[in-house]
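K.L.:
Residue numbers (the working numbering), protein chains in the order written: chain S, 64 to 309; chain W, 4 to 302.
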Amino acid sequence: MSTWDWQVFCKDTIEGEIQPGCFGKGGDITYLDWLLSAWGWTLSVSLLALLLALVLGALIGIFRTTPSKTLVAIGNVWTELFRNIPLLVQVVLWYHVLPALIPPLKSLPSFVLVVFALGFFTSARIAEQVRAGIQSLPKGQRYAGLAMGLTLPQTYRYVLLPVAFRVVIPPLTSESMGIIKNSAVAFAVSVSELTMFAMQAQEETSRGIEVYLAVTALYFVSAIVVNRIAIFIEHKVQVPGMAGGH
Amino acid sequence: MKKTLLALAAVLATASVMAQPTDTLKKIKDSGSVTMGVRESSGALSYTLGDGKYVGYHVEICQKVLADVQKQLGLAKLDVKYQPVTSQNRIPLVQNGTVDIECGSTTNNAARQKDVAFAVTTFVEEVRIAVKANSGITNINQLNGKNVATTTGTTSVQTLRKHERATGVDFKEVFGKDHADSFLLLESGRADAFVMDGAILAGNIAKAKNPADFKLVGEVLSVEPIAIMIRKDDPAFKTAVDDSIKAMMKSGDIAKLWSKWFEQPIPPSNTKVGMPANDNTKAAWATPNDKPMEDYAKK
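1. Residues of chain W with CB closer than 7 Å to the CB of residue 77 (chain S), please, in chain order.
2. In three-state terms, what does DSSP make of residue 43 (chain W)?
3. Alpha carbons only, please: which of W:154, W:126, W:164 is nearest the one belonging to residue 310 (chain W)?
4. Helix, strand or coil: which one does DSSP assign to residue 251 (chain W)?
5. If I measure Cβ to Cβ from residue 191 (chain W) and keep anything under 6 Å in the same chain, skipping five residues before and after, which residues do I get?
6. What residue does the alpha helix (DSSP H) around residue 268 (chain S) start on, and which one ends it?
7. Here's the rule: buried if 16 or more other CB atoms are within 10 angstroms of the residue's CB, otherwise exposed. What is residue 263 (chain S)?
8. At what residues does the beta strand (DSSP E) containing residue 199 (chain W) begin and finish?
9. In terms of residues, what are the limits of the beta strand (DSSP E) holding residue 106 (chain W)?
10. Name the chain W residues that come within less than 7 Å of residue 131 (chain S), Cβ to Cβ?
11. Only counting the same chain, and skipping five residues up and downstream in sequence, which positions put a Cβ closer than 7 Å to that of residue 75 (chain W)?
12. What did DSSP end up calling residue 238 (chain W) once you bin it into helix, strand or coil?
13. Name the two residues that bound the continuous alpha helix (DSSP H) containing residue 139 (chain S).
14. Among W:105, W:226, W:73, whose alpha-carbon lies nearest the alpha-carbon of residue 163 (chain W)?
15. Can you find a C-beta in chain W that's less than 7 Å from the C-beta of residue 186 (chain S)?
16. Would the beta-carbon of residue 77 (chain S) fall within 7 Å of that of residue 165 (chain W)?
17. So does the region 247-261 of chain S actually touch the region 101-111 of chain S, counting three or more Cβ pairs closer than 8 Å?
18. On a CA-only basis, which of W:109, W:236, W:181, W:146 is nearest residue 167 (chain W)? Give me that one, please.
19. Can you give me the start and stop residues for the beta strand (DSSP E) that residue 275 (chain S) sits inside?
20. Quick check: the Cα distance between residue 191 (chain S) and residue 202 (chain S), rounded to an integer number of angstroms?
21. Just to make sure I have the definition right: I need the residues of chain W whose C-beta is within less than 8 Å of the C-beta of residue 250 (chain S). Which are they?
22. Between residue 22 (chain W) and chain S, is there a C-beta pair that is closer than 7 Å?
23. By alpha-carbon positions, which one of S:179, S:275, S:216 ends up nearest to residue 113 (chain S)?
24. Would you identify the three-state DSSP class for residue 175 (chain S), choosing helix, strand or coil?
25. For residue 63 (chain W), which of helix, strand or coil comes out of DSSP?
26. Pick from W:25, W:185, W:252, W:209: whose alpha carbon is nearest that of residue 159 (chain S)?
27. Taking C-alpha atoms, which residue in W:268, W:28, W:52, W:139 lies nearest to residue 73 (chain W)?
28. Return the chain-ordered list of same chain residues with a C-beta closer than 6 Å to the C-beta of residue 17 (chain W), the five sequence neighbours on each side being excluded.
29. Thinking C-beta only, is residue 149 (chain W) closer than 7 Å to residue 216 (chain W)?
30. Indicate the three-state DSSP secondary structure (helix, strand or coil) for residue 165 (chain S) in the structure shown.
31. With DSSP run on the structure shown, which of helix, strand or coil describes residue 52 (chain W)?
32. Residues of chain W with CB under 9 Å from residue 271 (chain S), in chain order?
33. I'd like to know if residue 250 (chain W) contacts chain S, where contact means its C-beta is closer than 7 Å to some C-beta of that chain.
34. Can you find a CB in chain S that lies within less than 7 Å of the CB of residue 115 (chain W)?
35. Counting only beta-carbon atoms, is residue 80 (chain S) nearer than 7 Å to chain W?
36. Scan the region 109-139 of chain W for residues whose Cβ lies nearer than 9 Å to a Cβ of chain S and list them as they occur along the chain.
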C-alpha cells in the first residue's frame with residue numbers, strides 16, 4: 064500500500080487545495096470541517112432517537128407488565144411490529160412509503176423521519192428490557208405495594224420502577240451505544256452523517272483508508288463516551304443491598 | 004540479537020521485493036489465469052446477469068483485450084476469473100494484485116493516477132440533469148432553490164457543489180443511497196431533478212414505468228473520461244492493453260460494441276438504453292489518449 068496521507072482532511076472540498084490551519088474560511092469548508100459537522104449529525108440523530116426510545120420504551124415496557132389486557136396488547140403489538148422489521152426497511156418506509164400515504168409527512172425533513180424510525184425501532188428493544196427488569200422482581204413486591212393501599216401507578220412509581228430501572232441499566236447501556244452505530248442508516252435518507260461523509264469523501268479524495276479510519280475512531284469515541292456516562296450513572300444511583308446494586 | 008536483526012532484515016528485503024512493480028504479463032503467463040474486476044450494476048458498462056455472469060460494454064472490450072494478450076503470450080488456454088468490485092474497493096484490489104484489469108465505470112482522474120494506471124479512454128461520460136418532462140425546467144439556473152437529487156459516493160456530488168460555488172445558484176441537495184433510490188426521489192416528487200452521469204440517467208429512464216415522463220435537459224455539467232484500470236508502473240501490460248483497444252478503435256469495432264450495448268436491446272430485460280455515443284467519446288476513439296478528467300476541464 065502507498066503511504067499515509069493525513070493531510071487529506073486539510074483539503075478544501077471545492078478545489079482540493081490544502082488549507083493552512085486545516086479549517087476553511089469565508090464559506091469554504093475543508094474535509095475536516097465536513098467530518099466534524101457529520102459527527103454532529105450522527106450525535107444529533109443518535110441522542111434525539113435515544114431520548115425518544117427511552118421514553119417510549121419505558122412506557123411500552125411498563126404497559127406490558129400491567130394487569131390491563133388492552134395495555135398489554137398495545138405493548139405486544141408495538142414491540143413485535145418495530146423489532147421484527149429490519150431497521151433499514153423501517154427507515155425507507157418512513158421516508159418513501161408513509162409520506163405517500165400521509166401527505167403532510169412530506170414536509171418533514173428527513174432528519175426528523177430518521178429520528179422517529181430509529182427511536183421507534185430502539186424503543187421496542189428497550190421495552191423488552193424494561194419488561195424483563197420489572198418481571199425480574201419478586202411478585203410479592205407488587206402485592207405488598209397494593210396491599211398497603213397504594214394505587215397501581217403509585218406501586219409502580221414507588222415500589223417497582225426504582226428497582227427495575229436500576230436492574231436494566233447495563234442492557235440499556237448497550238442499547239444506547241448501539242443506537243449510535245445504528246444511526247449510520249440515516250445516510251440512506253440524505254442525512255449527511257458520518258457514514259455518508261465516509262462514502263462521499265473517500266470517492267472525492269481517493270484516500271479511503273484514512274477517511275474510514277477517522278470515521279471509525281469517531282464512532283468508537285462516541286460509543287465509549289456513552290458507555291462511560293452510563294457506568295457513571297449506574298454507580299451514582301446504586302443502592303447497596305437492593306437488586307441491581309453490588 | 005544479531006540473528007533477530009538478520010531475520011528482520013531478511014523479512015524487510017522480501018517485503019521490498021514484493022513491493023516492486025509487478026509484471027502482469029509474466030503473472031498471466033505463469034499462472035495461465037487472469038482476474039477481471041467487474042461491477043454488479045454500472046449501467047450497460049459492466050453489470051451482472053446473475054449466476055456469476057458479467058456482461059457490458061467494458062466487460063466485452065476487456066474480453067477482447069485478454070484474448071489478444073493470450074495470443075501475444077502464446078498461451079493455449081487462458082482462464083478468466085471475474086471478481087465483482089465496488090467504488091470503495093476497486094483501487095485497493097487492483098493495487099494489491101487481486102484484480103489484474105478492472106472493467107467497470109472508473110473515472111480517470113489525476114488523484115487516482117497516483118495509485119493506478121488507466122488504459123486509453125473508451126468512453127467519455129457527461130454529467131446531465133434529468134427532470135420530469137412536464138416540469139418546464141430546461142436549464143440548471145431554473146433549479147435555484149429546488150430539490151436536486153444525486154447519489155452518495157459519486158463525483159456528481161462534487162460537481163454540484165462546484166457549480167453552486169461558481170454560479171451562486173442554491174440547490175437543496177438530497178442524496179439517494181444508490182441510483183435507483185435517487186431516481187425514486189425524482190419519480191416521487193421529493194426531488195425536482197436528478198443530476199448524474201448521462202448513461203446512468205438514460206438507463207434509469209429506460210427502466211422507468213413510463214419513460215416518456217422523464218427527459219434530459221440543460222447543459223453538460225461535467226465531462227469525465229471513463230477507462231479500464233490496471234496497475235501502475237507496468238508499462239508492458241499497459242502497452243498490450245492499449246494496443247488492443249487502439250486496434251478496436253481503428254477498425255471501428257469499438258463503435259459496433261457501443262451500438263450493441265447502448266443502442267440495441269440488451270439482456271436481461273431486452274430494453275434499450277437508447278444513447279448514441281457523444282462527441283467527446285467519438286473524439287476519444289479518433290485520437291486514443293489516457294488524459295485524466297482535469298485535462299478535459301481545461302478546454
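Beta carbons are placed, not taken as given, at the ideal position from N, Cα and C, and that holds for glycine.
This structure is a prediction, so every number in the text was calculated from the model and none was measured.
P.N.:
Judging by the given coordinates:
1. 164, 165, 168
2. coil
3. Chain W is shown from 4 up to 302; residue 310 (chain W) falls before or after that span and cannot be answered.
4. helix
5. none
6. 257-268
7. buried
8. 196-200
9. 104-110
10. Those within 7 Å of residue 131 (chain S) in chain W number zero; the least Cβ separation is about 41 Å.
11. 243
12. helix
13. 132-146
14. W:226
15. no
16. yes
17. yes
18. W:146
19. Segment 271-300 is the alpha helix (DSSP H) holding residue 275 (chain S); no beta strand (DSSP E) there.
20. 18 Å
21. 155, 178, 180
22. Since pLDDT at residue 22 (chain W) reaches only 48, below the 50 mark, its modelled position is unreliable, and the value read off the structure follows with that caveat. For residue 22 (chain W), the answer is no, since every Cβ of chain S falls outside 7 Å of its Cβ.
23. S:179
24. helix
25. helix
26. W:185
27. W:28
28. With a pLDDT of only 48 at residue 17 (chain W), under 50, the local geometry of the prediction cannot be trusted, and the value read off the model is given with reservation. Contacts found: none.
29. no
30. coil
31. strand
32. 91, 92, 94, 95
33. no
34. yes
35. no
36. 112, 114, 115, 117, 118
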